[in-house]
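K.L.:
Numbering (our numbering), first residue to last: 9 to 322.
No residue lacks a Cβ here, since even glycine has one placed at the ideal position from N, Cα and C.
Just so you know, these numbers come straight off a predicted model, no measurement behind them.
(1) Just how far apart, CA to CA, sit residue 248 and residue 57?
(2) Cutting at 7 angstroms between CB atoms, please list the residues of its own chain near residue 251, excluding the five before and the five after it.
(3) For residue 53, is the classification buried or exposed, using 16 other Cβ atoms within 10 angstroms of its Cβ as the cut-off for buried?
(4) Counting along the chain, where does the beta strand (DSSP E) carrying residue 27 start and finish?
(5) Considering only their Cβ atoms, is the gap separating residue 178 from residue 1 smaller than 8 angstroms?
(6) Helix, strand or coil for residue 60 per DSSP?
(7) Quick one: using the 10 Å Cβ neighbour count with 16 as the cut-off for buried, is residue 131 buried or exposed?
(8) Would you kindly report the start and end of the unbroken alpha helix (DSSP H) that includes residue 74?
(9) Report the option in 291, 198, 269 whose CA atom is closest to the CA atom of residue 92.
(10) Taking the beta strand (DSSP E) that residue 173 belongs to, which residues open and close that run?
(11) Determine the DSSP secondary structure at residue 282, reduced to helix, strand or coil.
(12) Determine the direct distance from the alpha carbon of residue 224 to that of residue 162, and round the result to whole angstroms.
(13) Whole angstroms are fine: how far does the CA of residue 195 sit from the CA of residue 271?
(14) In terms of DSSP beta bridges, what is residue 84 paired with?
(15) Out of curiosity, what's the CA-to-CA distance linking residue 209 and residue 315?
(16) Let me make sure I understand the geometry here. Which of 104, 231, 206, 133 has the alpha-carbon closest to that of residue 273?
(17) Can the beta-carbon of residue 183 be found closer than 8 angstroms to that of residue 190?
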């Protein structure tokens with residue numbers, strides 16, 4: 009995501025030839041890392057590590073320990089930021105070159121985010137769907153003062169930072185590429201859920217919900233008192249916007265990626281509300297098969313980095 013930040017920090021590139029890649033996911037209470045190595049033309053998970061932490065002051069040390077705990081001498085790192093560390097803004101695509109758009113982002117989004125312009129680090133993706141004939145972009149905006157401790161923590165380890173991405177793109181990488189659109193409701197423990205619509209391997213719609221932080225920890229009896237109905241209504245609003253306002257074909261499925269023990273019961277309850285197929289989210293990224301679900305985002309981040317490197321060489 010935030011490649012332009014890394015390009016402005018040349019000391020991050022150490023010029024080593026690496027066969028190992030590390031995907032590191034930051035969550036509210038833990039750091040998750042995996043190491044992938046190319047063996048006989050296949051990327052295989054060779055090590056994993058999870059470090060828990062109690063507060064933000066412990067995050068930097070936890071990142072370094074988590075990477076070093078993989079015991080990899082040389083590796084490139086892809087970091088997945090948690091949703092509370094960045095903001096997403098949708099805007100009209102300026103009539104500029106891609107480089108000019110990137111350079112102008114801190115000033116074009118400064119009034120749309122809660123980050124001082126001088127601290128804004130931003131990158132964007134182009135939206136495949138036009139609105140009213142106008143091309144749109146989704147801008148991912150982070151605070152440099154929050155990112156620098158993370159960057160410094162990776163630097164203190166044995167690895168080199170190559171890529172910073174976000175939860176939305178890591179999730180996109182877990183889905184199989186198909187022409188039909190799928191809606192995924194994704195949530196990390198302690199965070200608000202987000203709605204993402206993904207089609208042909210691209211994020212075409214994203215929206216963060218408010219007021220549902222407690223949803224995973226509530227009992228089904230309590231959810232049935234109204235919160236689940238409110239949740240269903242918000243999901244339906246996003247579906248209506250996508251299919252009616254954006255004039256897109258109907259969704260293929262509604263998939264739930266929620267950190268709760270009673271997810272199967274929630275799925276069954278929501279089947280009553282939606283004509284579309286409702287199901288639990290399952291990763292289709294081959295490299296994740298047989299791996300602990302906690303590691304999937306880390307693996308996806310590595311494959312995103314490898315994919316971007318392959319694109320750059322062709």
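P.N.:
Working from what's here:
(1) Residue 248 and residue 57: Cα-Cα distance of roughly 41 angstroms.
(2) 258
(3) buried
(4) Premise fails: residue 27 is in no beta strand (DSSP E) and is neither H nor E.
(5) Residue 1 is absent from the model: the chain starts at 9 and stops at 322.
(6) strand
(7) buried
(8) 67–76
(9) 198
(10) Looking at the DSSP string, the run of the beta strand (DSSP E) that includes residue 173 is 168–174.
(11) For residue 282, the three-state secondary structure derived from DSSP is coil.
(12) Between residue 162 and residue 224, the C-alpha separation is close to 31 angstroms.
(13) 12 angstroms
(14) 29, 168
(15) 13 angstroms
(16) 231
(17) Cβ distance < 8 angstroms, so residue 183 and residue 190 count as in contact.
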